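Residue numbers (the working numbering): 1 to 510.
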């Protein structure tokens, strides 16, 4: 094999780091940090596996939960991220910095991978070995391009003022490994989405069709990401095609709420409830995919070990686990409207009901931890229920409110521990959009969707941030924000604009 010396650029990043209000020391793209050597096909696989650690969405979950209306300060809250919870947002916000940095870091590393793998000699001792090596390289490239598209959509979701406008700005567009002194401008949505379409088309053609391998990108994941991308762009004719394909063509079904036995529902390693098994990661492996389409698997005794529950707790997911943030009273109120909704049990820790919690706080249990690691769980980046919600959105866009109601009902019925759930009826599109937002609010609770959902659908639904006064530290604090407010787009971090004069700041920020 050829020995390929390949300089890579690496950005310093503490994995799984939860942002605070202070600005970070973020180096610009192009810092020469270390040297990677590609000898063989296996080296490319190892390099790719290391990129996955940076793809995690823990910071998006934290920012979304704290800034919008998913959480309330809890008994042991130490004042961290106070300004974010008060909806104070500026260019030194730590979450904006880490989300911007993390996404561009993934893009940069994928570009390194793509430039490196083409130099590897795949020739084996036999034609069969050569074919196997080439197939592996094609798969590595496909996974990398999927991750690049995923990261560019993340940047558009948070930093583009208008995802439906092709002339609006998104993240920094680059498909090469920048020189250490390069300062690149932001690309337009049109340019970036074109690259994403090319990346996802390649990914779909070369990824595995085995949707059970959901801890890596598959054809199902590529189609699901296309559905999300087109829905975010308001291109529902295309979003509908891909969402419908995911629902019907890959053997994935909505996870049912039955069997439901409360006496073993919360068992750490042997709950028999299928929906609870998703969140408790039990048991992990083939045959227990449920409705997961793309999940970043967390390893107990290895890297990575993602800790989504660490957003809300310092020690464990219960009243006595030093909680920082409890469930929003408003979210709990919505969940409580149907006592047979499995999410009322799956997302709420039972210690919330035994009188141990301070002032009636509702403890979050969506990420209950795994045996031996109380704050560790896998990150569910794409699930089938989101595809049903996209189909509902597409139906509203077509003025087919009956179809929209049926898609929303399908998710609600799947979450029923017993009995039948009524099919909703909408008097008009605004009511339908509002109900879709309501369902997304509870179904995708604490998965990092609410902020993006409000900024793209809030005006259609006449809905914005919706807090109970008890969700705030002080009664005098705001419980909502005008849906047209500039804070529904994140600022470009000062750490970027201060070293890159070619990057344009978003409207409303200095």
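We put the CB at the ideal spot given by N, CA and C, even for glycine.
A quick note: this is a predicted structure, and the numbers were derived from the prediction, not measured.
Should residue i and residue j be called a contact, given that it needs their Cβ atoms to be closer than 8 Å?
i           : j           : result
residue 519 : residue 110 : No answer is possible for residue 519: the residues shown for the chain start at 1 and end at 510.
residue 370 : residue 280 : yes
residue 71  : residue 501 : no
residue 223 : residue 204 : yes
residue 526 : residue 463 : The chain is shown only over 1 to 510; residue 526 falls outside these bounds and no answer can be derived.
residue 364 : residue 347 : yes
residue 142 : residue 387 : no
residue 159 : residue 489 : yes
residue 152 : residue 196 : yes
residue 311 : residue 157 : no
residue 484 : residue 466 : no
residue 379 : residue 166 : no
residue 350 : residue 317 : no
residue 155 : residue 103 : yes
residue 308 : residue 88  : no
residue 215 : residue 295 : yes
residue 68  : residue 454 : yes
residue 41  : residue 133 : yes
residue 188 : residue 233 : no
residue 262 : residue 150 : no
residue 298 : residue 282 : no
Going along the chain, which residues of its own chain have a beta-carbon closer than 6 Å to the beta-carbon of residue i, five neighbours each way excluded?
i           : result
residue 77  : 324
residue 314 : 322
residue 123 : 130
residue 361 : 74 and 326
residue 218 : 207, 208 and 211
residue 413 : 421
residue 174 : 184
residue 452 : 157
residue 342 : 257, 275, 415 and 417
residue 273 : 260 and 265
residue 237 : none
residue 190 : 166
residue 243 : 227, 387, 390 and 391
residue 509 : 91 and 491
residue 319 : 351, 356, 357 and 363
residue 328 : 69, 70, 71, 72 and 471
residue 85  : 66
Suppose the cutoff is 8 Å on Cβ atoms and the five residues either side in sequence are ignored; what does the same chain contact list for residue i look like?
i           : result
residue 38  : 4, 6, 44, 47, 116, 117, 119 and 120
residue 291 : 252, 253, 254, 255, 278, 383, 384 and 385
residue 493 : 23, 26, 91, 92, 93, 96, 97, 100 and 101
residue 399 : 429
residue 51  : 106, 109, 110, 113, 144 and 147
residue 411 : 254, 385, 388, 389, 439 and 443
residue 505 : 91, 491, 492 and 497
residue 289 : 211, 212, 214 and 252
residue 394 : 231, 236, 237, 239, 240 and 243
residue 330 : 69, 466, 467, 468 and 471
Can you list, in chain order, the residues of its chain with a C-beta nearer than 7 Å to that of residue i? Leave out the 5 residues immediately preceding and following it.
i           : result
residue 20  : Any reading at residue 20 must be qualified, since the residue scores a pLDDT of 41, below 50, and its modelled position is unreliable; no value is offered.
residue 340 : 416, 417, 418 and 419
residue 250 : 211 and 220
residue 286 : Summary for residue 286: the model assigns pLDDT 48, below 50, so the residue's position carries little reliability, and this model does not support an answer.
residue 461 : 430, 433, 434 and 437
residue 424 : 405, 408, 409 and 435
residue 507 : 161 and 486
Would you say residue i faces chain B, with C-beta separation under 8 Å as the test?
i           : result
residue 391 : Protein chains in the displayed structure number just one, and chain B is not present.
To which residues does DSSP link residue i through a beta bridge?
i           : result
residue 364 : 348
residue 373 : 370
residue 501 : Answer by DSSP bridge pairing: none, since residue 501 is not bridged.
residue 185 : None; residue 185 has no bridge partner.
residue 73  : 325
residue 380 : 295
residue 169 : 188
residue 416 : 341
Does the ligand MG have a heavy atom nearer than 7 Å to the CB of residue i?
i           : result
residue 378 : The ligand MG is not part of this structure, which contains no ligands at all.
For this session: Let me know the alpha helix (DSSP H) ranges lying completely inside the region 280-345, each 4 residues or longer, listed in chain order.
Result: 329-335
Problem set entry | the region 403-411 / the region 370-379 touching (three or more Cβ pairs under 8 Å) | The region 403-411, when compared against the region 370-379, does not touch it at the 8 Å Cβ threshold.
Exercise. Can at least three beta-carbon pairs, one atom from the region 439-447 and one from the region 470-478, be found at a separation below 8 Å?
Worked result: no
For this session: Mind listing, in chain order, the continuous alpha helix (DSSP H) runs of no fewer than 4 residues lying wholly within the region 115-164?
Result: 127-159
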